[in-house]
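Below: one structure, written as structure tokens.
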Amino acid sequence: MKFLATLGAILPCLALVSADFLPDVHNAAPGASNVKERIRPPEGMSAYDVFYAKGQRVYQCNPERTGFQHWYSVQTLGSLYPTKDRQPPFDLQGSEIGSISVAPLNSSVADPMDVIPVIYYYPDGSWVGTSRPLATTTREEGRAERGDAGNLDDHLEPAAFNSEDGYLSHAKYVVRLGSLDGAVPAPEDCDIKGKTVIKPFTAYYLMYTNQEGEELLRTEREEWNRMIEEYRPNDNGLGF
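Put into structure tokens, the structure is as follows:
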């Protein structure tokens, strides 16, 4: 009975996992067709899910440094929400399906140059970690038409680390799309070392996989559906 109770608790999540793959997203969320060529993953990759993210970025001032380390993004924390078969607003309380965390992490030194973004998927505990963006819209001509001086860029990141199994183990590339707010503070506002500024942001994250990943996702979906059917409680509340 304990197993049946556990299964009953995760069935809503399995419905999300077993939804159709996403050559495009047929609702208000952006899909593969909305990804600009400059940040599009390589040929042979297809989008299989898109999450809505809402969170905050923490910037820390260091007047002694230049470039991106003048206002260094020391932390990004956000919740992920499903968009499949849903209409906005996506960020309904209690519907969180994962999280994103970005921090300058290194196994041996403090204050490293690189940051490690990690996306975690609540239903099965799988995760994907990405590295530096391969391409961004930062210097794209016409970005000002969106008022993008105050918005994060959109970008393409390769998967650098994955969990050994689970939904996000198949992610090969991640595209951040439709980013709003969260941009770095003005350089002249960095006047005190250690000063922090917290900026809210929203964005969409598209997960891309290859043909092998699609086949594995399909197999896993069929297995979930089989298990759900096999253990579906009958009239007497038992799964047999």
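Numbering (mature numbering (1 follows the signal peptide of the UniProt record, and there is no 0)), first residue to last: -19 to -1, 1 to 221. Beta carbons: idealized from backbone N, C-alpha and C, even for Gly. Small disclaimer: the values here were computed from a predicted structure and weren't measured.
{"Asked": "Buried or exposed (CB count within 10 angstroms, at least 16 for buried), L86", "Found": "exposed"}
{"Asked": "C-alpha gap between R207 and T64, whole angstroms", "Found": "24 Å"}
{"Asked": "Expected contact under 8 Å - CB spacing of V99 and W108 to nearest Å", "Found": "6 Å"}
{"Asked": "Candidates Y33, F49, T47, R120: closest to I78 by CA position", "Found": "Y33"}
{"Asked": "DSSP state of G159 mapped onto helix, strand, coil", "Found": "strand"}
{"Asked": "Cβ-based neighbour list, Y102, same chain, cut-off 6 Å, excluding 5 preceding and 5 following", "Found": "G79, Y148, L149"}
{"Asked": "Which of helix, strand or coil DSSP assigns to R38", "Found": "strand"}
{"Asked": "contact_flag[the segment 9 to 25, the segment 38 to 52] where n(CB pairs < 8 Å) is 3 or more", "Found": "no"}
{"Asked": "Straight-line gap, I20 to V155 (C-alpha atoms, nearest Å)", "Found": "10 Å"}
{"Asked": "Enclosing alpha helix (DSSP H) for M208 [first to last residue]", "Found": "192 to 211"}
{"Asked": "Proximity of N143 and A164 at Cβ, strictly below 8 Å", "Found": "no"}
{"Asked": "Close Cβ partners of L58 (< 7 Å) along its chain, the five nearest in sequence each way excluded", "Found": "G36, Q37, S82"}
{"Asked": "Neighbourhood of T119 by C-beta distance below 6 Å, restricted to the same chain and skipping five residues each side", "Found": "D134"}
{"Asked": "Any non-hydrogen atom of the ligand SAH within 7 Å of A184 CB", "Found": "This structure lacks the ligand SAH, and indeed carries no ligand of any kind."}
{"Asked": "Among D30, D66, V90, I173, nearest to residue 227 - alpha-carbon criterion", "Found": "The structure shown does not extend to residue 227, since the chain spans only -19 to 221, so no value can be given for it."}
{"Asked": "Own chain residues within Cβ distance below 7 Å of N15, not counting five before or after", "Found": "L158"}
{"Asked": "Nearest-angstrom Cβ-Cβ length linking V31 and P44, presumed shorter than 8 Å", "Found": "V31 to P44, Cβ: 39 Å. No contact."}
{"Asked": "Neighbourhood of P114 by C-beta distance below 7 Å, restricted to the same chain and skipping five residues each side", "Found": "H136, L137, E138"}
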